Structures are given as structure tokens and as C-alpha cells.
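Student: Sharing a structure below in C-alpha cells format, with a few things to ask.
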Amino acid sequence: MNPSEWFTEQVPSAGTAFSLKIKQKLHEEQSDFQFLEIYETETFGNLMVIDGCTMVSTRDNFFYHEMISHPALYTHPNPKRVWIIGGGDCGTLREVLKHPSVEHAVQIDIDERVTRLAEIYFPELCESNNDPRAELKFIDGIKWVKDAAPNSVDIIIVDSTDPIGPAEGLFGEAFYRDCFNCLSENGILVQQSESALLHLKLIGEMRDAMSNAGLSHQQTLFFPQCLYPSGWWSATIASKAELSAFREQDCVNKPFDTVYYNTDIHKASLAQPEFFKKAFPL
Ligand code: SAM
0 MNPSEWFTEQ
10 VPSAGTAFSL
20 KIKQKLHEEQ
30 SDFQFLEIYE
40 TETFGNLMVI
50 DGCTMVSTRD
60 NFFYHEMISH
70 PALYTHPNPK
80 RVWIIGGGDC
90 GTLREVLKHP
100 SVEHAVQIDI
110 DERVTRLAEI
120 YFPELCESNN
130 DPRAELKFID
140 GIKWVKDAAP
150 NSVDIIIVDS
160 TDPIGPAEGL
170 FGEAFYRDCF
180 NCLSENGILV
190 QQSESALLHL
200 KLIGEMRDAM
210 SNAGLSHQQT
220 LFFPQCLYPS
230 GWWSATIASK
240 AELSAFREQD
250 CVNKPFDTVY
260 YNTDIHKASL
270 AQPEFFKKAF
280 PL
């Protein structure tokens, strides 16, 4: 095997690595915030890598983008105003805008270069960027939430990189307090929460920080994502008030296509594994 034909993300702390066979490197640059690479792979389409970590591939991004969006949107009774913190590849924005109830969706990514590269190498993820309901901001999501007015958003989706570098503060109590302040009464925060197999401690710290900030009603949902370490990823939903019931009938009648998400997947993703129930008893 010629190592130059493979992209490998190593996770030394877990003793694991994941590789994709590549055809060619399409682009690399150091932006003001992070090192960005784009590869053309043999079997997964294009691949975006940030600071050595896999972010998005053409072939499997639907798991992540659908599961970080639709469960929260079909849990909120009437989501109209949505913010996506991070999410610069625009795939989450595209999923959010599939919901007719959404009147305004703002994507707030610190790094404009991620979006400009996604427009070139992942045009299908950017197909809703010109929707009149969409707004793209290129600033720090921590500042955006801090400066926001109370009761100004129904759903905040944190679609960030891992909790290092510019994303570190997106996993902290101060950020969650600011989210609490700008969420509406039945508002929902949903955040990618890494792997329950590899990062249980991080999930615990995140849930504690959310609770301390007043977002004490929580659900963690699980989905496959072969590109990410362990291949098994999670998102955590948190809210001030008791979470509303899943709008199952609306989901059955959803006026848009998905590749993975549906009512059965919604319910199955919320089933809690035994070790997770022990770690986080209700
Ligand atoms: N699906 C990916 C994952 O779980 O690894 C996340 C993809 S998305 C490309 C992550 C985005 O978070 C990047 O574009 C990065 O620029 C953005 N980001 C990191 N820290 C941020 C911050 N403080 N404010 C806004 N965006 C941030």
C-alpha cells in the first residue's frame, strides 16, 4: 500500500485510524483559522478535512446533516427561526430549509473559506444558499450568541468542529448560558456531541454544562457516521422546558426527501444503550 494514495485520520487517544483511498488532492490552504484540505477519493466522492480531521464526504454526509437537523425540528412545535453555529459546508442549512415552517435560517461560521470551498467541491450541499430565507454570516458563533437579543431564536444547531481551537468555547457553560438567554420559551439547542464510545466523558461534561446553564431537559441521539472516529456519532438536544412530543404525523407527511431520516429512524435514534443509561440516568 502506498501511503501517499490514502488519507488517514489518526486518533492517538483512541488508538484508531480511518483511511480513504484517494485519487488526488484537489486543494489545500491555511485560512485565518484552520488548515483546509479537499481530496477526491476513490469511493466516497470529495472529502473535506479541517486540521487533519475528516469533516464531510459526498457519500456519507447525509447521516450527519439529517440527524443534526430533523429530529430537533420535528420536536419543536413550530420552528420558525433557526441558527446554525458552524456548519460552513452548508449541508445543515440545506436540511433546515426543507422545513416549510422555517422563516429565517442563519448560518454563522467563523471561516468564510469553508463555505467558499464547499461551493466549489460540494455544490449539492450549497443548493439552498440563495433561498430568500437563508442568511450567511462569517463571524465567531460565540460572539453572535452573546450579542443576541432574548427570545430571538427557536432552534440553535451547533454544527462545529471538535472542541479544540475556535470551537472550544462552543462546548462550555458560558456559551450555553448565552444560548439559554436568546432561545424562546420552548426553544431547543442541538449540538454534535462526538462518539459515545470514545468521548463519554466529554458528553458528560457537555450535559453538565448545559444543565448548569438551565438547559436541563436533554436527549442524546445516535447515528452511524463511518467517516468519524468509531463510526458511531451522536447529537445532544437540550431545552429549558420539557421537550415537546415528537411531531410524528408531520414527519410521516414530510414534504421533502431524506436519505436516512424518517419516523422509525427518529424513534430508534433516541433509544438509549445500557452503558449510556448507567452513565446518565434519567
Ligand atoms: N460535521 C463536522 C464534524 O462534526 O466534524 C462539522 C462540519 S462544519 C464544516 C464545522 C465548522 O465549524 C467549520 O466550518 C468551522 O469553521 C466552524 N467553527 C469552528 N469554531 C467556530 C466558532 N467559534 N464559530 C463559528 N463557527 C465555528
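According to numbering that gives the first Met the number 0, the sequence shown holds residues 0 to 281 in order. Virtual Cβ for every residue (Gly too), placed ideally from N, Cα, C. All values derive from a computational prediction rather than experimental measurement.
#1: Under the rule that 16 or more other beta-carbon atoms within 10 Å means buried, what is P280, buried or exposed?
#2: Kindly indicate which residue of I154, V144, D139 and I49 has the alpha-carbon position closest to the one of E102.
#3: Do I109 and the ligand SAM come close, with the Cβ less than 6 angstroms from some heavy atom?
#4: For T42, name the three-state secondary structure that DSSP assigns.
#5: On the DSSP bridge list, what partners appear for H216?
#6: For the beta strand (DSSP E) that contains R80, what are its first and last residues?
#7: Determine whether the beta carbon atoms of L269 and L196 lie at a separation below 7 angstroms.
#8: Pairs of beta-carbons, one from the segment 59-72 and one from the segment 88-101, closer than 8 angstroms: are there three or more?
#9: Sorted by chain position, which residues of the same chain lie with C-beta nearer than 6 angstroms to Y260's C-beta, five sequence neighbours on each side aside?
#10: Report whether the distance from the Cβ of P165 to the nearest heavy atom of the ligand SAM is below 6 angstroms.
#11: Can you check which of these residues, E167, D88 and A208, is closest to E36 by C-alpha distance?
#12: Below 7 angstroms CB to CB, which residues in the same chain sit around D130 once its five sequence neighbours on both sides are set aside?
#13: Pick out the complete alpha helix (DSSP H) segments inside the segment 145-181, 4 residues or longer, and give them in chain order.
#14: Return yes when at least one heavy atom of the ligand SAM lies under 6 angstroms from the C-beta of G87, else no.
#15: Just to confirm before moving on: does the CB-CB distance between F282 and T74 stay below 7 angstroms?
#16: Could you check how far apart the C-beta atoms of G85 and V157 are, in whole angstroms? I think they sit under 8 angstroms.
#17: Exposed or buried, which one is Q248 when buried takes at least 16 other CB atoms within 10 Å?
#18: Just reading off the beta strand (DSSP E) that L19 is part of, what are its end residues?
#19: Can you name the start and end residues of the beta strand (DSSP E) that V105 belongs to?
#20: Threshold first: 4 residues or longer. Then list the alpha helix (DSSP H) segments lying entirely within the segment 239-274, N to C.
#21: Spatial neighbours of L25 within its chain, please: CB distance less than 8 angstroms, with the 5 preceding and 5 following residues excluded, ordered by chain position.
#22: Taking 7 angstroms as the CB-CB cut-off, is V157 touching chain D?
#23: Less than 6 angstroms between C-beta atoms, sequence neighbours within five positions excluded: which residues of the same chain meet that for L72?
Tutor: Looking at the atomic coordinates:
#1: Looking up residue 280 in the sequence shown gives position 281. With fewer than 16 Cβ atoms within 10 Å of its Cβ, P280 is classed as exposed.
#2: Position 103 of the sequence shown, counting from 1, holds the residue named residue 102. Cα-wise, what sits closest to E102 is I154.
#3: Indexing the sequence shown from 1 puts residue 109 at position 110. Result yes, Cβ under 6 angstroms from the ligand SAM.
#4: Residue 42 sits at position 43 when you count from the first residue of the sequence shown. In the structure shown, T42 adopts coil according to DSSP, grouped into three states.
#5: Numbered from 1 along the sequence shown, position 217 holds the residue referred to as residue 216. H216 is bridged to S238.
#6: For this step, residue 80 is matched to residue 81 along the sequence shown. R80 to G85 is the span of the beta strand (DSSP E), which, as asked, contains R80.
#7: What you label residue 269 is simply residue 270 of the sequence shown in a count that begins at 1. What you label residue 196 is simply residue 197 of the sequence shown in a count that begins at 1. Contact flag unset, no.
#8: Between the segment 59-72 and the segment 88-101, the count of Cβ pairs shorter than 8 angstroms is three or higher; the stretches touch.
#9: For the purposes of this step, residue 260 is taken as the residue at position 261 of the sequence shown. Within the same chain, Y260 has close Cβ partners E65 and H69.
#10: Residue mapping note: residue 165 aligns to position 166 of the sequence shown, counting from 1. P165: yes, Cβ under 6 angstroms from the ligand SAM.
#11: By 1-based counting over the sequence shown, the position of residue 36 is 37. For the residues E167, D88 and A208, the minimum Cα distance to E36 belongs to D88.
#12: Translated into positions along the sequence shown, residue 130 becomes position 131. The beta carbon of D130 lies closer than 7 angstroms to those of L96 in the same chain, with the five residues before and after it left out.
#13: Correct list: 172-181.
#14: Mapped onto the sequence shown, residue 87 falls at position 88. Yes, Cβ of G87 sits closer than 6 angstroms to a heavy atom of the ligand SAM.
#15: In the structure displayed, the chain extends from 0 to 281; residue 282 sits before or after that span and is not available.
#16: Taking the first residue of the sequence shown as 1, we reach residue 85 at position 86. Taking the first residue of the sequence shown as 1, we reach residue 157 at position 158. Taking a contact as a CB-CB distance under 8 angstroms, the pair G85 and V157 counts as one, their CB atoms being some 6 angstroms apart.
#17: Walking along the sequence shown from the start, residue 248 turns up at place 249. So Q248 counts as exposed.
#18: One-based indexing of the sequence shown puts residue 19 at position 20. Here the beta strand (DSSP E) through L19 covers T15 to Q29.
#19: As a position in the sequence shown, residue 105 is number 106, starting the count at 1. Segment H103 to I107, the beta strand (DSSP E) holding V105.
#20: Secondary structure within the segment 239-274: the alpha helix (DSSP H) runs of 4 or more consecutive residues, fully enclosed, are 247-251 and 262-268 (chain order).
#21: Here residue 25 is taken as the residue at index 26 of the sequence shown, counted from 1. The answer, listed in chain order, is I37, Y38, E39, N45 and Y120.
#22: The structure shown contains no chain D; it holds only a single protein chain.
#23: By one-based count along the sequence shown, residue 72 stands at place 73. For L72, where only same-chain residues beyond five positions count, the Cβ hits under 6 angstroms are P78 and H98.
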